[in-house]
Amino acid sequence: MLSEVLSLVESADRAVGIMVFFGALLGGTYYWANRSPTLARIRSMLPITFVYITLTIVGVVFQLDTGSWTDRYLLHVTIGIGAMAFAHWGQWFINDWTDTETDQHSNPDRPLATGQVTETQILATGISLLGVGILFSGAVKPEAAIALFGWILVAIVYTIPPFRLKDGAFSSMLCFGLLGTVAILFGSLLVAPTPNQSVWMLIAVLMVVIPVNSSYQDLPDEEGDSKAGIDNFVVRYGSGRVKQFLAVSFPISFIATALVFGWYAALPIFTGLGGAVTYLLVNWQGGDKIDPQISTVIGLYFISLAVSQYTW
Numbered sequence: 001m002l003s004e005v006l007s008l009v010e011s012a013d014r015a016v017g018i019m020v021f022f023g024a025l026l027g028g029t030y031y032w033a034n035r036s037p038t039l040a041r042i043r044s045m046l047p048i049t050f051v052y053i054t055l056t057i058v059g060v061v062f063q064l065d066t067g068s069w070t071d072r073y074l075l076h077v078t079i080g081i082g083a084m085a086f087a088h089w090g091q092w093f094i095n096d097w098t099d100t101e102t103d104q105h106s107n108p109d110r111p112l113a114t115g116q117v118t119e120t121q122i123l124a125t126g127i128s129l130l131g132v133g134i135l136f137s138g139a140v141k142p143e144a145a146i147a148l149f150g151w152i153l154v155a156i157v158y159t160i161p162p163f164r165l166k167d168g169a170f171s172s173m174l175c176f177g178l179l180g181t182v183a184i185l186f187g188s189l190l191v192a193p194t195p196n197q198s199v200w201m202l203i204a205v206l207m208v209v210i211p212v213n214s215s216y217q218d219l220p221d222e223e224g225d226s227k228a229g230i231d232n233f234v235v236r237y238g239s240g241r242v243k244q245f246l247a248v249s250f251p252i253s254f255i256a257t258a259l260v261f262g263w264y265a266a267l268p269i270f271t272g273l274g275g276a277v278t279y280l281l282v283n284w285q286g287g288d289k290i291d292p293q294i295s296t297v298i299g300l301y302f303i304s305l306a307v308s309q310y311t312w
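The numbering of the sequence shown is the UniProt record's numbering, which starts it at 1 and goes up by one.
Below is the structure:
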């Protein structure tokens, strides 16, 4: 009994140490952002990185029984969160590298578009971060590393020519759905060799929810994407019509998720989150970026999924 307690304490100490390390890393990134255009780019990624981190946690919670993951798998989950963050940052730098021309129209403030960094620097940074993510996940479990590698492959197909599925309306939606659901799969494989039925059910639900609502990220870039020849739904139908659609689809999706899993007590939470997105969309008049705020609410939605599964 004593040895088990000591082992648990040692594991908790290591987990706390790693959490402190990642906290210091994120804090340092934020502090030094004004001194480095590369780090400033990472700072702008944090809202959507938060989304993928919460998806990873959701995968863990759905995989394990109530109450069993907080002490037994804290170390693995903490490392997995870091791996997903590094992989996501790396994917974004690769995306910047392939978007050099289109960013001149849609995102002229990015470091590569403004000439603050070179294409070689951006590419090297992206590849390095992807490698660190794979190494971190491999240190936990080979299955987790394979899942994260699959996530990276989807991101590459989404971004890099000749595939570049981000340029198509339906192909872009499909990629966002896969990126979200593979992140859940990655989370489940951090703590188990195979996903359970609850994980697969969640993947099926979110494979509908995520693609349907993914166009919010393109709202501020309508003019630039149109000039660059990108065929997404915002370019096809206009930001006004897409905004109206999303203002309805987000709350319906959030509430429907709670109903599918029978979390009736959590309906006020999901209704409130859906209402928050609707409020942001209705009050957005174009021009300014709206995706960071909506991404933050989406991350809270995924946290609510985990809390609801854990509680009910």
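Even for Gly, the Cβ is constructed at its ideal location relative to N, Cα and C.
Residues near residue i by beta carbon distance below 6 Å, same chain, minus five either side
i, result
"Ala-266", "Ala-258 and Ser-308"
"Gly-126", "Gly-90, Phe-93 and Ile-94"
"Thr-49", "Ala-85 and His-88"
"Phe-270", "Phe-254, Ile-255 and Ala-258"
"Gly-177", "Met-207, Ile-210 and Pro-211"
"Ala-276", "Val-297"
"Leu-129", "Phe-86, Trp-89 and Gly-90"
Which of helix, strand or coil DSSP assigns to residue i
i, result
"residue 315", "The requested residue 315 does not occur in the structure, where the chain is confined to residues 1 to 312."
"Thr-118", "coil"
"Trp-263", "coil"
"Phe-93", "helix"
"Trp-151", "helix"
"Pro-161", "coil"
"Gln-285", "coil"
"Ile-81", "helix"
"Tyr-310", "helix"
"Ile-290", "coil"
"Tyr-279", "helix"
"Leu-64", "coil"
"Tyr-73", "coil"
"Tyr-52", "helix"
Beta-carbon separation (whole angstroms), residue i vs residue j, contact threshold 8 Å
i, j, result
"Tyr-301", "Phe-261", "That pair is no contact at about 13 Å."
"Ala-87", "Ile-53", "Not a contact, Cβ separation roughly 11 Å."
"Cys-175", "Leu-185", "The pair is not a contact, with the Cβ atoms about 15 Å apart (cut-off 8 Å)."
"Ala-247", "Ile-57", "Contact doesn't hold; Cβ gap of about 27 Å is too wide."
"Asp-231", "Ala-169", "6 Å"
Same chain only: Cβ atoms within 7 Å of residue i, ignoring 5 sequence neighbours per side
i, result
"residue 330", "The displayed coordinates of the chain run from 1 to 312. Any statement about residue 330 would go beyond what the structure contains."
"Gly-180", "Leu-55, Leu-206 and Ile-210"
"Ala-192", "Gln-63"
"Ser-7", "A caution first: Ser-7 carries a pLDDT of 48, below 50, which makes its placement in the model unreliable, though a value can still be read off. Nothing listed; no residue qualifies."
"Ser-137", "Gly-80, Ala-83, Ala-144, Ala-145 and Leu-148"
"Tyr-158", "Leu-165, Lys-166 and Cys-175"
"Asn-283", "none"
"residue 313", "Any property of residue 313 remains undetermined from this structure, which presents the chain solely from 1 to 312."
"Phe-286", "The identity of residue 286 in the sequence shown is Gly, whereas the question assumes Phe. Closer than 7 Å at Cβ, skipping near neighbours: Ser-239."
"Val-5", "A caution first: Val-5 carries a pLDDT of 38, below 50, which makes its placement in the model too unreliable to give a value."
Contact set for residue i: own chain, Cβ-Cβ below 8 Å, skip 5 residues either direction
i, result
"Pro-47", "Asp-291, Pro-292, Gln-293, Ser-295, Thr-296 and Gly-299"
"Ala-134", "According to the sequence shown, residue 134 is Ile rather than Ala. Within the same chain, Ile-134 has close Cβ partners Ala-83, Ala-87, Ala-145, Leu-148, Phe-149 and Ile-152."
"Val-234", "Ser-215, Asp-218, Leu-219, Asp-221, Glu-222, Asp-225 and Val-242"
"Val-199", "Gly-59, Phe-62, Gln-63, Ile-184, Leu-185 and Ser-188"
"Val-212", "Met-173, Ser-249 and Ser-253"
"Met-45", "His-88, Trp-89 and Trp-92"
"Asp-288", "Pro-220"
"Tyr-264", "Ala-258"
"Val-182", "Ala-147, Gly-150, Trp-151 and Val-154"
Could you give the uninterrupted runs of the alpha helix (DSSP H) lying entirely in the region 166-251, keeping only those of 4 residues or more? 169-189, 197-213, 222-227 and 233-237
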